[in-house]
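S.K.: So the mapping is simple: my numbering equals the position in the sequence shown, first residue as 1, plus 1258. Each residue gets a CB set at the ideal place from its N, CA and C atoms; glycine is no exception. Model, not experiment: these values are computed from the prediction.
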Amino acid sequence: MPVLIIRAENDTVVLPRNTAAWADFLQEHNVSTRVEVIQGAGHHFRPPEWADIFTRASAFYAENIGRPDQDT
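(1) Is DSSP giving A1315 helix, strand or coil here?
(2) Does the Cβ-Cβ distance between L1262 and E1294 come in under 8 Å?
(3) Based on Cα-Cα distance, which residue from R1325, W1308 and A1320 lies nearest to I1296?
(4) Just to confirm before moving on: does the CB-CB distance between N1276 and G1298 stay below 8 Å?
(5) So A1281 packs on T1291, CB below 8 Å; how close in whole Å?
(6) The beta strand (DSSP E) that contains A1266, what's its start and end?
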């Protein structure tokens, strides 16, 4: 199961090195991992950043899991 990690560029709570260590650990254990960085964002996302996150997450899910059936 692929993993998507989304982090904020300017997060001072969850530091980039922590995200990198998590991603490295997953990759070392053969887990397909993608890290997306929300530029200019801090730890608490604002509505425009959430829109970007939803777009990125939707694309990731479509690529890795597939799109939902449009007839349901």
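M.R.: From the atom records:
(1) Position 57 of the sequence shown, counted from the start, is the residue given in the question as residue 1315. Helix, per DSSP.
(2) Residue numbering aside, residue 1262 sits at position 4 when the sequence shown is read from its first letter. Residue numbering aside, residue 1294 sits at position 36 when the sequence shown is read from its first letter. In this structure, E1294 lies closer than 8 Å to L1262 by Cβ.
(3) For this step, residue 1296 is matched to residue 38 along the sequence shown. Answer by Cα proximity: W1308.
(4) By one-based count along the sequence shown, residue 1276 stands at place 18. By one-based count along the sequence shown, residue 1298 stands at place 40. Their beta carbons are not under 8 Å apart, which means N1276 does not touch G1298 by this criterion.
(5) Numbered from 1 along the sequence shown, position 23 holds the residue referred to as residue 1281. Numbered from 1 along the sequence shown, position 33 holds the residue referred to as residue 1291. Yes, A1281 and T1291 are in contact; Cβ-Cβ is about 5 Å, under 8 Å.
(6) Position 8 of the sequence shown, counting from 1, holds the residue named residue 1266. Its beta strand (DSSP E) spans residues V1261 to A1266.
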